[in-house]
Each structure stands twice: as C-alpha cells, then as structure tokens.
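See structure below.
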Amino acid sequence: GAVVSQHPSWVICKSGTSVKIECRSLDFQATTMFWYRQFPKQSLMLMATSNEGSKATYEQGVEKDKFLINHASLTLSTLTVTSAHPEDSSFYICSARPTSDEQYFGPGTRLTVT
Amino acid sequence: QKEVEQDPGPLSVPEGAIVSLNCTYSNSAFQYFMWYRQYSRKGPELLMYTYSSGNKEDGRFTAQVDKSSKYISLFIRDSQPSDSATYLCAMSRAGTALIFGKGTTLSVSS
Numbered sequence: 001g002a003v004v005s006q007h008p009s010w011v012i013c014k015s016g017t018s019v020k021i022e023c024r025s026l027d028f029q030a031t032t033m034f035w036y037r038q039f040p041k042q043s044l045m046l047m048a049t050s051n052e053g054s055k056a057t058y059e060q061g062v063e064k065d066k067f068l069i070n071h072a073s074l075t076l077s078t079l080t081v082t083s084a085h086p087e088d089s090s091f092y093i094c095s096a097r098p099t100s101d102e103q104y105f106g107p108g109t110r111l112t113v114t
Numbered sequence: 115q116k117e118v119e120q121d122p123g124p125l126s127v128p129e130g131a132i133v134s135l136n137c138t139y140s141n142s143a144f145q146y147f148m149w150y151r152q153y154s155r156k157g158p159e160l161l162m163y164t165y166s167s168g169n170k171e172d173g174r175f176t177a178q179v180d181k182s183s184k185y186i187s188l189f190i191r192d193s194q195p196s197d198s199a200t201y202l203c204a205m206s207r208a209g210t211a212l213i214f215g216k217g218t219t220l221s222v223s224s
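Quick mapping for you: the protein sequence lines, in order, are chains Y and F. Position 100, counted from 1, in the first sequence is what my numbering calls 100; the numbers after and before it change by one each time, with no gaps. Position 97, counted from 1, in the second sequence is what my numbering calls 211; the numbers after and before it change by one each time, with no gaps.
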C-alpha cells in the first residue's frame with residue numbers, strides 16, 4: 001500500500017515551453033500533497049504544499065506564477081512549470097500524506113530544459 | 115543553526131558491518147521522525163517512522179529517537195551492498211511539512 005506515482009518520469013522540453021507533471025496517490029486518499037525539487041547530490045527542497053480544493057502554499061523564494069500547482073482531487077496533484085528555462089532543469093518529486101504524519105514519495109520526474 | 119543537521123558522509127563500510135546514521139535537530143516541537151532511503155535518480159522510500167521518543171525495529175533496521183538530546187539514529191545490522199544509497203532523516207510537527215537532513219551517502223562493499 002501507500003503507492004504514489006508520477007508522470008512523466010523524464011521529460012525534455014525546449015526553453016520557453018510549459019511542462020505539466022502529474023502526481024497520483026494510487027491506493028489512498030491524500031488531502032495534502034507536497035512538491036519538492038532536488039539538485040544533484042543535494043537534499044530535497046520543499047517548493048509548495050498542496051491541499052485538495054484550495055490554493056497551494058509556496059515556500060519563500062518559489063515563484064507561484066512559474067510553478068503552478070493544482071490539487072483537483074484527493075488522488076491527483078499537478079505541477080506545471082511555465083515558460084521553462086535551463087535553470088529549471090532538476091529532479092521534481094511529489095509526496096502524499098494519507099494521515100497527519102507519514103509521507104510517501106513518488107519516483108520523481110527528471111526535467112531537462114534545452 | 116539549521117533545523118536538522120546530518121553528516122553527509124560519504125560513509126564506506128564492508129559487507130556485514132553495523133552502520134550508524136545520525137541526525138540532530140533544534141526544534142523541540144518535532145514529534146514525527148522518519149528515515150528515508152534514496153537510490154540514485156529515484157524518489158525517497160520510507161524506511162522507518164517513529165512518533166515521539168523510543169526505539170523501533172524492523173528487520174535489520176533500528177530507529178532510535180532521543181528527544182531530550184534532540185538526536186535520532188538509524189542502525190543497519192549486517193549491511194549489504196544493496197543498502198548502498200543515500201539515507202535521509204526527516205521530521206515534522208503534526209500536520210506540517212517534513213524538514214529533511216542533507217542525507218548521508220552510504221557505500222557497502224562486498
């Protein structure tokens with residue numbers, strides 16, 4: 001149990017285009033999902049907290065107009081990177097919380113912007 | 115001082131060794147403590163979860179939390195080459211996002 005999927009697992013896009021990443025909790029409902037970014041050999045950096053049916057809460061320094069988050073259902077959250085640039089290339093990981101404490105992570109999405 | 119401190123290593127041990135991984139923290143309000151394992155280019159996998167103080171054992175893994183010292187540990191017995199990965203400690207207050215350590219890279223040689 002407690003499986004989280006992400007799609008796509010790897011995406012390459014051209015500078016200036018937008019990319020959407022999906023995060024799904026497959027066998028549980030998650031009122032809260034989180035989006036993280038991870039650069040090589042670094043730890044996870046929390047980008048935003050997403051609650052179903054409400055606006056996401058962004059961490060300081062994360063541009064909400066660039067990283068659009070939608071949490072339309074209890075099993076799906078999406079992250080859209082708008083007008084992507086090479087510096088947005090990173091490993092994006094979502095997590096979902098079935099209870100008030102445990103978090104389960106997706107396999108991650110590797111974004112490369114050329 | 116960062117909220118969660120974790121020695122990044124790298125840590126290299128021979129197969130069969132006992133591994134000790136540690137984190138310290140500064141926020142006494144943390145109640146939930148977790149250890150994740152992350153292989154290269156993969157999402158973190160939840161290994162151990164502990165609420166408040168105490169020990170928890172699962173197979174070759176033992177997690178310890180000492181809230182009085184603000185110190186948590188993960189012990190791996192009979193380490194295997196397949197245990198080679200980055201281990202991340204994480205902690206939170208109720209209902210809040212996890213705060214992660216930087217991760218310790220472990221290499222177990224056969």
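Beta carbons: idealized from backbone N, C-alpha and C, even for Gly. From a predicted model like this one, the values you see are computed outputs, not experimental measurements.
### Query
For Y:I25, which residues does DSSP report across the bridge?
First, the residue type needs correcting, since residue 25 of chain Y is Ser and not Ile in the sequence shown. Under DSSP, Y:S25 forms a beta bridge with Y:V4.
### Message
I need the DSSP call for F:P128, collapsed to helix, strand or coil.
### Response
DSSP, read as helix, strand or coil, puts F:P128 in strand.
### Query
Alpha carbon to alpha carbon, how far is Y:A48 from Y:G108?
Spanning the two alpha carbons is a distance of roughly 15 Å.
### Opposing strand residues paired with Y:R97 [DSSP bridges]
Its beta-bridge partners are Y:T32.
### Task
Classify Y:G61 as buried or exposed, calling it buried when 16 or more other Cβ atoms lie within 10 Å of its own Cβ.
The residue in question, Y:G61, is exposed, as its Cβ has fewer than 16 Cβ neighbours within 10 Å.
#### Entry: Sequence-distant residues of its chain with Cβ nearer than 8 Å to Y:S83 (five each side left out)
Here the set comprises G16, T17, S18 and K66.
### Message
Just checking: is the beta-carbon of F:S206 within a distance shorter than 8 Å of some beta-carbon in chain Y?
### Response
By this cut-off, F:S206 is an interface position.
### Query
How far does the beta strand (DSSP E) with F:G168 in it reach, from first residue to last?
That run of the beta strand (DSSP E) goes G168 to D172.
### Query
Helix, strand or coil: how does DSSP classify F:D121 here?
Looking at F:D121 - three-state DSSP - the assignment turns out to be coil, as it is neither helix nor strand.
### Message
Using a Cβ-Cβ cutoff of 9 Å, what residues of the segment 135–156 of chain F are near chain Y? List them in chain order.
### Response
So the list reads Q145, Y146, M148, Y150, Q152, R155 and K156, given in the order they occur along the chain.
### Query
For F:E119, which of F:K170, F:F214, F:M162 and F:S223 has the nearest alpha-carbon?
Ranked by Cα distance from F:E119, the options F:K170, F:F214, F:M162 and F:S223 are led by F:F214.
### Task
Using the Cα positions of F:M162 and Y:A2, report the straight-line distance between them to the nearest angstrom.
Between F:M162 and Y:A2, the C-alpha separation is close to 14 Å.
### Query
Cβ of F:Y163 less than 8 Å from any chain Y Cβ?
The Cβ of F:Y163 sits closer than 8 Å to at least one Cβ of chain Y.
### Query
Can you give the beta carbon distance from Y:M33 to Y:S9, rounded, assuming they're within the 8 Å contact cut?
In fact, because the Cβ distance is near 18 Å, the residues do not count as touching under 8 Å.
### Query
Out of F:S182, F:V222 and F:E117, which has the shortest C-alpha to C-alpha gap to F:D192?
Nearest option by C-alpha distance: F:V222.
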